[in-house]
Amino acid sequence: MAVDIPTFAQTQLTLLASELAAEIAESSALVALHSPAALQRAGVALTNLTVAAQRTGLGGKTVLELGPDPATAAAPSSSSSSNSAELPEHGIRVGDIVLVAEQPAGGARKREVKEMEGKGRMKATMERLGKMGEAEYSPFIRVLFGLSSPAPVPADLGRGDPEVGEVEWVDPTLNESQKDAIRFALASREIALIHGPPGTGKTHTLIELILQLIKRNLRILVCGPSNISVDNIVERLAPHKVPLIRLGHPARLLPSVLNHSLDVLTRTSEAGAIVKDVRAEMDAKQASIRKTRNGRERRAIYADLKELRKEYRERERRCVSSLVAGSKVVLATLHGAGGFQLRGEQFDVVIIDEASQALEAQCWVPLLAANKAVCAGDHLQLPPTIKSLNAKSSKTASASASKKGKDAAAAVAAAAGTPANEAVIKGATLETTLFDRLLKLHGPSIKRMLTTQYRMHERIMRFPSDELYEGRLIAADAVRARLLKDLPYEVEATDDTTEPLVFIDTQGGDFPEKNEDEQDAAAAAGGGSKKLTKSSLYGDSKSNEMEAALVRQHVRSLVDAGVRPEDIAVVTPYNAQLAILAPLKETFPGIELGSVDGFQGREKEAVIVSLVRSNPDGEVGFLGEKRRLNVAMTRPKRSLTVIGDSETVKKGSKFLKDWMEFLEENADLRYPDLASLAQEA
Numbered sequence: 012m013a014v015d016i017p018t019f020a021q022t023q024l025t026l027l028a029s030e031l032a033a034e035i036a037e038s039s040a041l042v043a044l045h046s047p048a049a050l051q052r053a054g055v056a057l058t059n060l061t062v063a064a065q066r067t068g069l070g071g072k073t074v075l076e077l078g079p080d081p082a083t084a085a086a087p088s089s090s091s092s093s094n095s096a097e098l099p100e101h102g103i104r105v106g107d108i109v110l111v112a113e114q115p116a117g118g119a120r121k122r123e124v125k126e127m128e129g130k131g132r133m134k135a136t137m138e139r140l141g142k143m144g145e146a147e148y149s150p151f152i153r154v155l156f157g158l159s160s161p162a163p164v165p166a167d168l169g170r171g172d173p174e175v176g177e178v179e180w181v182d183p184t185l186n187e188s189q190k191d192a193i194r195f196a197l198a199s200r201e202i203a204l205i206h207g208p209p210g211t212g213k214t215h216t217l218i219e220l221i222l223q224l225i226k227r228n229l230r231i232l233v234c235g236p237s238n239i240s241v242d243n244i245v246e247r248l249a250p251h252k253v254p255l256i257r258l259g260h261p262a263r264l265l266p267s268v269l270n271h272s273l274d275v276l277t278r279t280s281e282a283g284a285i286v287k288d289v290r291a292e293m294d295a296k297q298a299s300i301r302k303t304r305n306g307r308e309r310r311a312i313y314a315d316l317k318e319l320r321k322e323y324r325e326r327e328r329r330c331v332s333s334l335v336a337g338s339k340v341v342l343a344t345l346h347g348a349g350g351f352q353l354r355g356e357q358f359d360v361v362i363i364d365e366a367s368q369a370l371e372a373q374c375w376v377p378l379l380a381a382n383k384a385v386c387a388g389d390h391l392q393l394p395p396t397i398k399s400l401n402a403k404s405s406k407t408a409s410a411s412a413s414k415k416g417k418d419a420a421a422a423v424a425a426a427a428g429t430p431a432n433e434a435v436i437k438g439a440t441l442e443t444t445l446f447d448r449l450l451k452l453h454g455p456s457i458k459r460m461l462t463t464q465y466r467m468h469e470r471i472m473r474f475p476s477d478e479l480y481e482g483r484l485i486a487a488d489a490v491r492a493r494l495l496k497d498l499p500y501e502v503e504a505t506d507d508t509t510e511p512l513v514f515i516d517t518q519g520g521d522f523p524e525k526n527e528d529e530q531d532a533a534a535a536a537g538g539g540s541k542k543l544t545k546s547s548l549y550g551d552s553k554s555n556e557m558e559a560a561l562v563r564q565h566v567r568s569l570v571d572a573g574v575r576p577e578d579i580a581v582v583t584p585y586n587a588q589l590a591i592l593a594p595l596k597e598t599f600p601g602i603e604l605g606s607v608d609g610f611q612g613r614e615k616e617a618v619i620v621s622l623v624r625s626n627p628d629g630e631v632g633f634l635g636e637k638r639r640l641n642v643a644m645t646r647p648k649r650s651l652t653v654i655g656d657s658e659t660v661k662k663g664s665k666f667l668k669d670w671m672e673f674l675e676e677n678a679d680l681r682y683p684d685l686a687s688l689a690q691e692a
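Using the working numbering, the first residue of the sequence shown is number 12, and each one after it goes up by one.
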């Protein structure tokens, strides 16, 4: 069914305003309710940072490097190669957007909330789309909103379609489903979806597609929702020596791709040589300010800096234009594609990786610069996280903090809100991605699925393939039967290393779940206090101490057999369970712990999944989301161990019931030994 474009754009603006309000309310509550020290202990903040270095960056901006204050920071560990003080353990990662603020003295705590970066470009793009007249709708835009049908693609492209021609493969080892998806993407006039289930070589396929498009002398913009998704493509594309440029702040990029970044190229390329001398002069002026105490001299230096910045920006603008124009492939995050560097640029094709994890409004930032799009992803795994759908006030929130968050949210919603007479699409949600919407709009004719998977043992793959992927997944010969005992280092053959699928069934109610309040009460009864963790900052979560003991027991068994901790991951849907499992990282350095949501796109040789839920009412909460379970069960290569209460889980949904029955029939079924468990607990 066709979509009215102005109504779509207005709906997106309304949803984005609601999402921003939810994010601000959450951040505001965190800052209002917890001290900086408590936030640091929970891993969501870093305190006592000082300016370690500064330089002039892209756009003439001053780039500051922050580091721990030597007076308060821990000394470097003996294993560290650096002499500088080490940061405490934290959850802040490359690419995260953070607030940098002066640390308040004493009890004074700032409660400022500023609009988060990243929503602005989506908002501007939706406003631009909403104001377009019908005469401005390109054939491409018309297809994406169902105002026109996609140009038909011949059913059999293997015999050489006139639009595609004979394809000379750069990598002849591609399987037939990958080749078919590439031919289909080349032949499609407006839109092609490449459906890549777990382990099917989606990125590998996109690299070949990009190389084939370059052969056809087409200009390509490659985007993804995160820096890491884009950097993965840069890493694999770089060895092919194609002219490419990676847009994005260098601090957010992987070190291995920095040489292809715009920031580095403006300093190292021929085009960047003319900028270098001005940058050096600006850096020297910046340094001289700190040495000058005379007010008149400082004002003179600032005046010089202002003129230098003006000259620098103009030289840099010409340099950037030259570099971008000379690149056949430009890579950026979806948000980054809306930067000044690409203003006015047009591309023959936009490729969006991980399109099923991106907000649709994000995707439109690059789409307005193209005539054709190829979207790759898996709509049967988790969609983007939407805070406004799950916004719940913390039980521990004080009235004033709650009011502060609500006031901030209301201000944002009012600023970006929808007039009462503006139409919005009923039932619309940001969870509906471009990939989802196009598939529903045009049906499977615009999609090709990759069907050979190179990750999982056949028995691990079987259930998700049959239940979610129409039984079409095939395990490649190299992975079909590989086990932990076959790892390329010495591993003893035991019950745990010769079984690809293990189910430890805790049925019977001996392993009951707890919520956050019960954990607090237990800690108080024991005379202790519950440590503030990231999970407790964000409100109610579930945990299961006895399941955690089973996890520890199984990890120890694997490690004792010779499996290296870095080849093992423990995943669970609940942050409170992660907090209980955290000591595993000290006992087994290198082991990875993560939430199911955070582990999407990852893989490990052995994965242990703790389901947590065990209660007499059969309540499973968001464990019932089949896309979340799909992520959990498709992370391992050689070994999947599921720990859970089949009686509780079966009651959650038909999907969960079918999964439990599959495990009972096909896994190595085990029941906990309470005596041996007492030693672990």
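Just so you know, even glycine gets a beta-carbon here, dropped at the ideal spot from N, CA and C.
For residue i, which residues of its own chain have a beta-carbon under 7 Å away from its beta-carbon, when the five flanking residues on both sides are left out?
i	result
phenylalanine 673	Phe474
methionine 12	Gly157
Quick one: what does DSSP say residue i is sitting in, helix, strand or coil?
i	result
serine 554	strand
glycine 78	strand
arginine 460	In the sequence as displayed, the identity of residue 460 is methionine instead of arginine. Here methionine 460 sits in strand by DSSP.
glycine 350	coil
lysine 134	helix
aspartate 288	helix
phenylalanine 693	Here the chain covers residues 12 to 692 and nothing more, so residue 693 does not appear.
threonine 598	helix
asparagine 432	Per-residue confidence for asparagine 432 stands at a pLDDT of 44, beneath the threshold of 50, marking its modelled position as unreliable; no derived number is given.
glycine 482	coil
threonine 508	coil
glutamine 368	helix
valine 631	coil
glutamine 611	coil
alanine 489	coil
Please report the residue range of the beta strand (DSSP E) in which residue i lies.
i	result
glutamate 616	615-621
arginine 153	From DSSP, arginine 153 is part of no beta strand (DSSP E) but of the alpha helix (DSSP H) over 150-155.
leucine 255	255-257
alanine 384	384-388
serine 606	603-606
alanine 580	579-583
threonine 344	340-344
arginine 681	679-681
histidine 206	202-206
glycine 306	First-last for glycine 306: 306-336, but that is the alpha helix (DSSP H), not the beta strand (DSSP E).
leucine 232	231-235
Beta-carbon within less than 6 Å of residue i's beta-carbon, same chain only, minus the 5 sequence neighbours each way: which residues are those?
i	result
asparagine 382	Phe151
alanine 431	Interpretation of alanine 431 is limited by its pLDDT of 41, a score under 50 that renders its predicted location unreliable; no figure is taken from the coordinates.
alanine 559	Ile591, Leu592
arginine 247	Ile218
Which same chain residues, not among the five before or five after residue i, have their C-beta less than 8 Å away from its C-beta?
i	result
glutamate 3	There is simply no residue 3 to check, as the chain begins at 12 and stops at 692 in what is shown.
tyrosine 465	Gly210, Thr211, Gly212, Ala487, Ala489, Val490
serine 159	Pro150, Arg153
lysine 296	Ile312, Asp315, Leu316, Leu319
serine 188	Thr211, Arg459, Met460, Leu461, Thr462, Thr463
Answer yes or no: does any C-beta atom of chain B fall closer than 8 Å to that of residue i?
i	result
valine 642	The question asks about chain B, but that chain is absent: this structure has only one protein chain.
Tell me, to the nearest whole angstrom, how far the beta carbon of residue i is from that of residue j; I am working on the premise that it is less than 8 Å.
i	j	result
aspartate 477	histidine 390	Rounded, the Cβ-Cβ distance is 18 Å, inconsistent with contact.
valine 574	arginine 681	Going by Cβ atoms, the distance from valine 574 to arginine 681 rounds to 18 Å, so no, they are not a contact pair.
alanine 387	aspartate 359	The pair is not a contact, with the Cβ atoms about 17 Å apart (cut-off 8 Å).
Return the first residue and the last residue of the alpha helix (DSSP H) that residue i is part of.
i	result
proline 647	Where proline 647 is concerned, there is no enclosing alpha helix (DSSP H), although the beta strand (DSSP E) it sits in stretches over 647-655.
isoleucine 363	Segment 360-363 is the beta strand (DSSP E) holding isoleucine 363; no alpha helix (DSSP H) there.
leucine 273	273-279
aspartate 15	Run containing aspartate 15: none; DSSP gives neither H nor E here.
histidine 251	Premise fails: histidine 251 is in no alpha helix (DSSP H) and is neither H nor E.
leucine 222	213-226
valine 642	637-644
For the 8 Å Cβ check, are there 3 or more pairs between the segment 253-270 and the segment 367-384? no
If we count Cβ pairs, one from each stretch, closer than 8 Å, do we get three or more for the segment 454-463 versus the segment 643-653? no
Would you check if the segment 566-574 and the segment 490-507 touch, i.e. whether three or more CB-CB distances between them fall below 8 Å? Yes: the two stretches touch, three or more of their Cβ pairs being nearer than 8 Å.
Is it the case that the segment 658-670 contacts the segment 621-632, given that we only count it when at least three CB pairs across the two stretches are under 8 Å? At 8 Å Cβ cutoff, the stretches touch.
Check whether the segment 579-586 touches the segment 631-644, counting contact only when three or more Cβ pairs, one atom from each stretch, lie closer than 8 Å. yes
For the pair the segment 265-282 and the segment 326-343, tell me if three or more CB-CB distances fall below 8 Å. With the cut-off at 8 Å, the segment 265-282 and the segment 326-343 touch.
Examine the Cβ distances between the segment 184-196 and the segment 228-242 and report whether three or more of them are shorter than 8 Å. no
Are the segment 344-351 and the segment 248-259 in contact at 8 Å, needing three or more beta carbon pairs? yes
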